[in-house]
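Numbering (my numbering), first residue to last: 581 to 813. We put the beta carbon where it would ideally sit given N, CA and C, even for glycine. Reviewing the structure listed below.
In structure tokens:
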């Protein structure tokens, strides 16, 4: 996941460098304290998630990152031309997948969590040209789990067995996960002619596990890389 994040950052930085070369270098500066022409920027976003969990005092075997998605509306408040506050409201899916197999059998267990998420990121902007802007984002996010399932499946020489149960909650037939989550996000984005491309890596700070089955010292925290595209109005 980290290699994917670094490769994506390199690609967006390359776009910014190309834009800078194409623009008038005398107009470029690392900080522009003038007021932005726009009072607020709103735009739809949709993208891909690659998520897993960071575990403490737990042993994961056969764990793999889970593919999910994110969709929502971004809202950007310009303070000056080189500094914005990025927020918005998003639905995002996170989780993890476990796989184990033998000669004639395969077992998978998938944790699927859906969150409503509110980021509040400080956003530094480099304005390469009138229609070209590179942004670097950092700040906290808040999230609340609205739906979640754990799905277990086993294929034993063609004999398939499958069942599922709720992810959130500590009652019987629930996995014992907390709904509330918060953490930090760091990312980079590029806008050209109102088309937006960006990515963010999120570090969950909350232990989302609330199950006595693993012991009080066991902790699981969300980790998520997302890449998204959108349009700014």
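Checklist entry - Can you give the Cα-Cα distance for residue 663 and residue 634, rounded to whole angstroms? => result Residue mapping note: residue 663 aligns to position 83 of the chain shown, counting from 1. Residue mapping note: residue 634 aligns to position 54 of the chain shown, counting from 1. Distance between the alpha carbons of residue 663 and residue 634: 32 angstroms.
Item to check | Close Cβ partners of residue 701 (< 7 angstroms) along its chain, the five nearest in sequence each way excluded | outcome: The count along the chain shown starts at 1 and reaches residue 701 at position 121. Cβ within range, chain order: 666, 717, 718, 719 and 765.
Item to check | Cβ neighbour criterion (16 or more within 10 Å) applied to residue 761 | outcome: Taking the first residue of the chain shown as 1, we reach residue 761 at position 181. Residue 761 should be labelled buried.
Checklist entry - Is the CB-CB distance between residue 668 and residue 694 below 8 angstroms? => result Against the chain shown, residue 668 aligns to sequence position 88. Against the chain shown, residue 694 aligns to sequence position 114. No. Outside cutoff.
Checklist entry - How big is the Cα-Cα spacing for residue 638 and residue 651? => result In the chain shown, residue 638 corresponds to position 58, counting from 1. In the chain shown, residue 651 corresponds to position 71, counting from 1. One C-alpha to the other measures close to 32 angstroms.
Checklist entry - What does a CB cutoff of less than 7 angstroms around residue 797 pick up in its chain, not counting 5 residues either side in sequence? => result As a working mapping, residue 797 is identified with position 217 in the chain shown. Here the set comprises 637.
Checklist entry - From which residue to which residue does the beta strand (DSSP E) around residue 770 run? => result Taking the first residue of the chain shown as 1, we reach residue 770 at position 190. Its beta strand (DSSP E) spans residues 760-772.
Checklist entry - Between residue 775 and residue 622, what straight-line distance do the alpha-carbon atoms span, to the nearest angstrom? => result As a working mapping, residue 775 is identified with position 195 in the chain shown. As a working mapping, residue 622 is identified with position 42 in the chain shown. Pairing residue 775 with residue 622, the inter-Cα distance amounts to about 12 angstroms.
Checklist entry - Expressed to the nearest angstrom, what Euclidean distance is found between the alpha-carbon atoms of residue 604 and residue 710? => result Indexing the chain shown from 1 puts residue 604 at position 24. Indexing the chain shown from 1 puts residue 710 at position 130. Unreliable positioning characterises residue 604 in this predicted model, as indicated by a pLDDT of 47, which lies under 50. The coordinate reading is nonetheless provided below. Those two C-alpha atoms are separated by around 10 angstroms.
Next on the checklist: What would DSSP say about residue 656, mapped onto helix, strand or coil?
Outcome noted: If you number the chain shown from 1, residue 656 lands on position 76. DSSP places residue 656 in strand when its eight states are reduced to three.
Item to check | Identity of the residue in 641, 686 and 696 nearest residue 676 by Cα | outcome: In the chain shown, the residue the question calls residue 676 occupies position 96. Restricting attention to 641, 686 and 696, the CA atom closest to the CA of residue 676 is found in 641.
Checklist entry - Which same chain residues, not among the five before or five after residue 744, have their C-beta less than 8 angstroms away from its C-beta? => result One-based indexing of the chain shown puts residue 744 at position 164. Hits under 8 angstroms: 729, 730, 731 and 732.
Checklist entry - When the distance is taken between beta carbons, is residue 631 closer than 8 angstroms to residue 686? => result Sequence index remark: in the chain shown, residue 686 carries index 106 (1-based). Sequence index remark: in the chain shown, residue 631 carries index 51 (1-based). Contact flag unset, no.
Item to check | Rounded C-alpha distance that separates residue 809 from residue 723 | outcome: As a working note, residue 809 is residue 229 in the chain shown. As a working note, residue 723 is residue 143 in the chain shown. Going from the Cα of residue 809 to the Cα of residue 723 covers about 21 angstroms.
Checklist entry - Going by alpha carbons, who is nearest to residue 807 out of 756, 788, 714 and 781? => result The residue given as residue 807 occupies position 227 in the chain shown. Here the closest residue by C-alpha is 781.
Next on the checklist: Our contact map puts residue 661 next to residue 705 with C-beta atoms below 8 angstroms; I'd like the distance itself, whole angstroms only.
Outcome noted: In the chain shown, the residue the question calls residue 661 occupies position 81. In the chain shown, the residue the question calls residue 705 occupies position 125. Confirmed, about 7 angstroms.
Checklist entry - If you count every other CB in all the chains shown that lies within 10 Å of the CB of residue 683, and 16 or more means buried, which is it? => result Within the chain shown, numbered from 1, the residue matching residue 683 stands at position 103. Residue 683 comes out exposed.
Item to check | Anticipated Cβ contact below 8 angstroms, residue 788 with residue 813, distance rounded | outcome: As a working mapping, residue 788 is identified with position 208 in the chain shown. As a working mapping, residue 813 is identified with position 233 in the chain shown. Actually they do not touch by this definition, with Cβ atoms about 35 angstroms apart.
Checklist entry - What are the partner residues of residue 647, as DSSP defines its beta bridges? => result Residue mapping note: residue 647 aligns to position 67 of the chain shown, counting from 1. 630, per the DSSP bridge assignment.
Next on the checklist: Give the list of continuous beta strand (DSSP E) stretches no shorter than 3 residues that lie fully inside the segment 686-727.
Outcome noted: 701-709
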